[in-house]
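Participant:
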Amino acid sequence: MTERTPSRGWRAALSSAADWIEKPIEALIRACGWSSIVLVAAIFCFVFWYAAPLLPHIDWFGTDGFFTSTHWHAKEREGATYGVLAMIVGNFAVALVAMVIAIPCGLAAAVYISEFAGPRSKEWFKVGIEILAAIPSIVWGFIAITMIGPLLIKYAGATMGTNLLNGGIVLGLMSIPLIVSLAEDSLRAVPDSFREAAMALGANRWEIVYRVLFPAARSGLLAACMLGVGRAIGETMAVLLATGNKNQIPTSLTDPITTLTATIASEMGDAEAGSPHSQSLFTIGLLLLVITCAINLTANLVIRGNKRASSN
Amino acid sequence: MSPAHLELRDLSVWYGSKKALDEVSFSVPRHHVLGIVGPANSGKSSLLKTINRTLEFIDHSRSAGAVLLDGENVRDIPNVYSLRRRIGMVFPLPVGLPLSIYDNVAYAPRRMGIHHKDQLDHLVESCLRDAVLWDEVKDRLDLLGTKLSGGQQQRLTLARALSLEPEILCLDEFSIAIDPVTTMKIEEVLMRLKERMTIILVTNLTQQARRMADAVAFINASQLIEWGPTEQLFNQPAKELTGRYLNGEFG
Numbered sequence: 023m024t025e026r027t028p029s030r031g032w033r034a035a036l037s038s039a040a041d042w043i044e045k046p047i048e049a050l051i052r053a054c055g056w057s058s059i060v061l062v063a064a065i066f067c068f069v070f071w072y073a074a075p076l077l078p079h080i081d082w083f084g085t086d087g088f089f090t091s092t093h094w095h096a097k098e099r100e101g102a103t104y105g106v107l108a109m110i111v112g113n114f115a116v117a118l119v120a121m122v123i124a125i126p127c128g129l130a131a132a133v134y135i136s137e138f139a140g141p142r143s144k145e146w147f148k149v150g151i152e153i154l155a156a157i158p159s160i161v162w163g164f165i166a167i168t169m170i171g172p173l174l175i176k177y178a179g180a181t182m183g184t185n186l187l188n189g190g191i192v193l194g195l196m197s198i199p200l201i202v203s204l205a206e207d208s209l210r211a212v213p214d215s216f217r218e219a220a221m222a223l224g225a226n227r228w229e230i231v232y233r234v235l236f237p238a239a240r241s242g243l244l245a246a247c248m249l250g251v252g253r254a255i256g257e258t259m260a261v262l263l264a265t266g267n268k269n270q271i272p273t274s275l276t277d278p279i280t281t282l283t284a285t286i287a288s289e290m291g292d293a294e295a296g297s298p299h300s301q302s303l304f305t306i307g308l309l310l311l312v313i314t315c316a317i318n319l320t321a322n323l324v325i326r327g328n329k330r331a332s333s334n
Numbered sequence: 014m015s016p017a018h019l020e021l022r023d024l025s026v027w028y029g030s031k032k033a034l035d036e037v038s039f040s041v042p043r044h045h046v047l048g049i050v051g052p053a054n055s056g057k058s059s060l061l062k063t064i065n066r067t068l069e070f071i072d073h074s075r076s077a078g079a080v081l082l083d084g085e086n087v088r089d090i091p092n093v094y095s096l097r098r099r100i101g102m103v104f105p106l107p108v109g110l111p112l113s114i115y116d117n118v119a120y121a122p123r124r125m126g127i128h129h130k131d132q133l134d135h136l137v138e139s140c141l142r143d144a145v146l147w148d149e150v151k152d153r154l155d156l157l158g159t160k161l162s163g164g165q166q167q168r169l170t171l172a173r174a175l176s177l178e179p180e181i182l183c184l185d186e187f188s189i190a191i192d193p194v195t196t197m198k199i200e201e202v203l204m205r206l207k208e209r210m211t212i213i214l215v216t217n218l219t220q221q222a223r224r225m226a227d228a229v230a231f232i233n234a235s236q237l238i239e240w241g242p243t244e245q246l247f248n249q250p251a252k253e254l255t256g257r258y259l260n261g262e263f264g
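Residue numbers (our numbering), protein chains in the order written: chain A, 23 to 334; chain B, 14 to 264.
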């Protein structure tokens, strides 16, 4: 704003222009801020609008109920049923497997990078993590099919390479970079004075990590994990390729499954616009929106609660 | 003079290529209070960090020379954690670890294997009493240490340092964040603690050093300018710079 120009007149003109432009810029920034809220509402309305015609006709909790059955026959013109129980179970199961892998690995990697790695290797690790985060999900899908699948058949006794475990592994790998970079940020934000104080008491590095850093960075670490969960639940492409896309409730880790997201992705192309089939897929979309919003809200509440409990 | 409890021999510290401490030597007999005075950024805190070897934690730092604890080079002590337990450290800004008041103080004793409840209770109480904090917190020992006021947190860190029952207590400008009344109380406590431990008092309050220290070392711009008995330094400093600093002409 303060251009270095020799002429005084110029500078005055520039600064009055800056005053004048202040208001529109403020309005623009405010609009950007509000747009995030407006957009979320708009997306909800949009998805709801396309699902709405079917909603009154859906049996929610009956024998072929939406939440209570696994009978997904949405394409039928007569006697279609819309049971998504298996997809919900599949979705959460695959996210659970992913988190069992990603949370310990991600946190451990974050601790290593922030506390143990030397200054130079730290930079390399960060670059690596960023690249890992930038791999497109379809590439992860390829990896799932061509590498993890055969390994699971060979070593885990799976009959099909694409299954719950495969999806979980891929989703876990995809969530790790997210968890690592967020967790590392929050560990680094803990002031060095905490480390010094603990060290001066004779704590070793591991004790510093779990007695001092984890409690001090708790809210950030929780946020990292929650966002990892969010990613695992919302991810589509890699899951579609990795899980086998079979509408059943899994009884073992090597069962093929399907998820809410994968069902939408695989059937949307066939569904005639405005047909009950298409509307049923939008209904699934609505459910997904509700689930992810619920997770995010819980995360926010947890984090806020924690901040209140541990702040000065 | 009795044999040195702590002795520094030509101790130098670098951060990268910047020299933070330049061949400093002095010694402290057991149960003495050594005051280290000098302007900000002259290397006083770095000096303390070499004693408990927390300097090694800082990237690009290195040191030369020797710190001898009872004649033993601290660098040769194989278990750095056992060394740190012999040396209590109080930092300029209070650092309440994210634990309860009780756990803050009980942390180190628990690590040393004291788990008996009565014993811990007793220890926590006596440390908090020593740090003049007991009366203010005795009804809320479960409160997070970080919830206390700045001055209270500083006394909590003192209690925590005492919980190690250290041989040497290092205080790095402990009074920077606390009020004069509390400062006086802690000074009284330190004078009593002298019976039990050797105290290194880094301070930029020259009068505090004069009140408490048996000997004073004056450090300026990484160098030890002068070191000797307190009254001698204050009354007949050998170097002109020392006199000017102690009289408050700069710093």
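Here a beta-carbon is modelled for each residue, glycine too, at the ideal position from N, C-alpha and C.
Quick caveat: nothing in here was measured; it's all calculated off a predicted structure.
#1: Leaving out five residues on either side along the sequence, give the residues of the same chain with a beta carbon under 6 Å from the beta carbon of residue 134 of chain B.
#2: Does DSSP put residue 36 of chain A in a helix, a strand or coil?
#3: Name the chain A residues whose beta carbon is nearer than 7 Å to that of residue 121 of chain B?
#4: With 7 Å as the threshold, decide whether the Cβ of residue 141 of chain B is near any Cβ in chain A.
#5: Assuming residue 102 of chain A and residue 298 of chain A are in contact, meaning their beta carbons sit under 8 Å apart, how far apart are those beta carbons, in whole angstroms?
#6: What does a CB cutoff of less than 7 Å around residue 57 of chain B pick up in its chain, not counting 5 residues either side in sequence?
#7: Listed in chain order, which residues of the region 236 to 261 of chain A have Cβ atoms closer than 7 Å to some Cβ of chain B?
#8: Starting from the C-beta of residue 63 of chain B, find all residues in its chain whose C-beta is less than 7 Å away, skip the five residues before and the five after it, and write them out in chain order.
#9: Does the distance from the CB of residue 105 of chain B to the CB of residue 212 of chain B come in under 7 Å?
#10: What is the rounded straight-line gap between the Cα of residue 55 of chain B and the Cα of residue 236 of chain B?
#11: If we count the other Cβ atoms within 10 Å of its Cβ and call it buried at 16 or more, is residue 142 of chain A buried or exposed?
#12: Using beta carbons (cut-off 7 Å, strictly below), is residue 324 of chain A in contact with chain B?
#13: For residue 111 of chain A, which of A/321, A/317, A/290, A/282 has the nearest alpha-carbon?
#14: Hey, residue 158 of chain B and residue 112 of chain B: beta-carbon distance below 7 Å or not?
#15: Using Cβ-Cβ distances below 7 Å, what residues of the region 199 to 216 of chain A are close to chain B?
#16: Below 8 Å CB to CB, which residues in the same chain sit around residue 14 of chain B once its five sequence neighbours on both sides are set aside?
#17: How is residue 95 of chain A classed by DSSP in three states: helix, strand or coil?
#18: Any idea if residue 232 of chain A is buried or exposed, counting beta-carbon neighbours within 10 angstroms, 16 or more meaning buried?
#19: Which value, in whole angstroms, describes the spacing of the CA atoms of residue 323 of chain A and residue 317 of chain A?
#20: Throw me the rounded Cβ distance for the residue 124 of chain B and residue 96 of chain B pair, which I believe falls under 8 Å.
#21: Just to confirm the assignment, what range does the alpha helix (DSSP H) spanning residue 201 of chain B have?
#22: Please go through the region 44 to 82 of chain A and give each complete beta strand (DSSP E) segment of 3 or more residues, from N-terminal end onward.
#23: Straight-line CA distance for residue 33 of chain A to residue 224 of chain A?
#24: For the alpha helix (DSSP H) containing residue 232 of chain A, list its first residue and its last residue.
#25: With C-beta atoms as the reference, is residue 243 of chain A less than 7 Å away from residue 208 of chain A?
#26: Along chain A, which residues have their Cβ under 8 Å away from the Cβ of residue 70 of chain B?
#27: When you compare each of A/221, A/237, A/151 to residue 92 of chain B by their alpha carbons, which one comes out closest?
#28: Comparing the C-beta of residue 141 of chain A with each C-beta of chain B, is any distance below 7 Å?
#29: Does any C-beta atom of chain B lie closer than 7 Å to the C-beta of residue 234 of chain A?
#30: At which residues does the beta strand (DSSP E) containing residue 216 of chain B begin and terminate?
#31: Below 8 Å, can you find three or more Cβ-Cβ pairs linking the region 184 to 197 of chain A to the region 117 to 126 of chain A?
#32: Would you kindly work out how many angstroms separate the C-alpha atoms of residue 228 of chain A and residue 138 of chain A, rounded to a whole number?
#33: Could you name the residues of the same chain whose beta carbon sits closer than 7 Å to that of residue 314 of chain A, not counting the 5 residues immediately before and after it, in chain order?
#34: With distances taken Cα to Cα, identify the nearest neighbour of residue 184 of chain B among B/31, B/47, B/20.
#35: Between residue 249 of chain A and residue 200 of chain A, how many whole angstroms is the CB-CB distance? I'm expecting something under 8 Å.
#36: Could you check whether the Cβ of residue 25 of chain A sits closer than 7 Å to any Cβ belonging to chain B?
Facilitator: By the coordinates alone:
#1: Taking C-beta separations shorter than 6 Å and ignoring five residues to either side along the sequence, residue 134 of chain B has no partners in its chain.
#2: Of the three classes helix, strand and coil, the one that applies to residue 36 of chain A here is helix, per DSSP.
#3: In chain order: 223, 224.
#4: Chain A contact via Cβ: absent.
#5: In this structure residue 102 of chain A touches residue 298 of chain A by the C-beta definition: roughly 6 Å separates them, less than 8 Å.
#6: 49, 51, 215, 232.
#7: Those residues of the region 236 to 261 of chain A that come within reach of chain B (Cβ to Cβ, closer than 7 Å) are 237, 238.
#8: Excluding positions up to five away in sequence, the list reads 24, 26, 76, 80.
#9: No.
#10: Straight-line Cα distance between these residues: approximately 8 Å.
#11: Exposed, since its Cβ has fewer than 16 Cβ neighbours within 10 Å.
#12: No, no contact with chain B.
#13: Checked all of A/321, A/317, A/290, A/282; the closest Cα to residue 111 of chain A is A/282.
#14: Yes. Within cutoff.
#15: If you check each beta-carbon in the region 199 to 216 of chain A against every beta-carbon of chain B, the ones closer than 7 Å belong to 215, 216.
#16: In this predicted model, residue 14 of chain B has a pLDDT of only 47, less than 50, meaning its place in the structure is not dependable; the value taken from the coordinates is given anyway. Cβ within range, chain order: 42.
#17: Here residue 95 of chain A sits in strand by DSSP.
#18: Label assigned to residue 232 of chain A: exposed.
#19: Residue 323 of chain A and residue 317 of chain A have their C-alpha atoms spaced approximately 10 Å apart.
#20: Contact flag wrong, Cβ pair sits at about 14 Å.
#21: For residue 201 of chain B, the uninterrupted alpha helix (DSSP H) segment begins and ends at 193 to 206.
#22: Correct list: empty.
#23: Residue 33 of chain A and residue 224 of chain A have their C-alpha atoms spaced approximately 59 Å apart.
#24: Counting along the chain, residue 232 of chain A falls outside any alpha helix (DSSP H), and DSSP gives it neither H nor E.
#25: Taking 7 Å as the cut-off, the beta carbon of residue 243 of chain A is found closer than this to the beta carbon of residue 208 of chain A.
#26: Taking the beta carbon of residue 70 of chain B as reference, the chain A residues within 8 Å of it are 217, 218, 221, listed in sequence order.
#27: A/221 is the residue among A/221, A/237, A/151 whose C-alpha sits nearest the C-alpha of residue 92 of chain B.
#28: So, interface residue.
#29: Chain B contact via Cβ: present.
#30: Taken as a continuous stretch (DSSP letters only), the beta strand (DSSP E) holding residue 216 of chain B covers 211 to 216.
#31: By the Cβ rule, the region 184 to 197 of chain A counts as touching the region 117 to 126 of chain A, because three or more pairs are nearer than 8 Å.
#32: So the alpha carbons of these two residues sit roughly 10 Å apart.
#33: Cβ contact annotation for residue 314 of chain A (same chain, cutoff 7 Å, sequence separation greater than five): 252, 255, 256, in chain order.
#34: For residue 184 of chain B, the nearest C-alpha among the options comes from B/47.
#35: With a Cβ gap of about 6 Å, residue 249 of chain A and residue 200 of chain A count as contacting.
#36: Caution is warranted here: a pLDDT of 49 is assigned to residue 25 of chain A, below 50, making its placement in the model unreliable, and no coordinate value can be reported.
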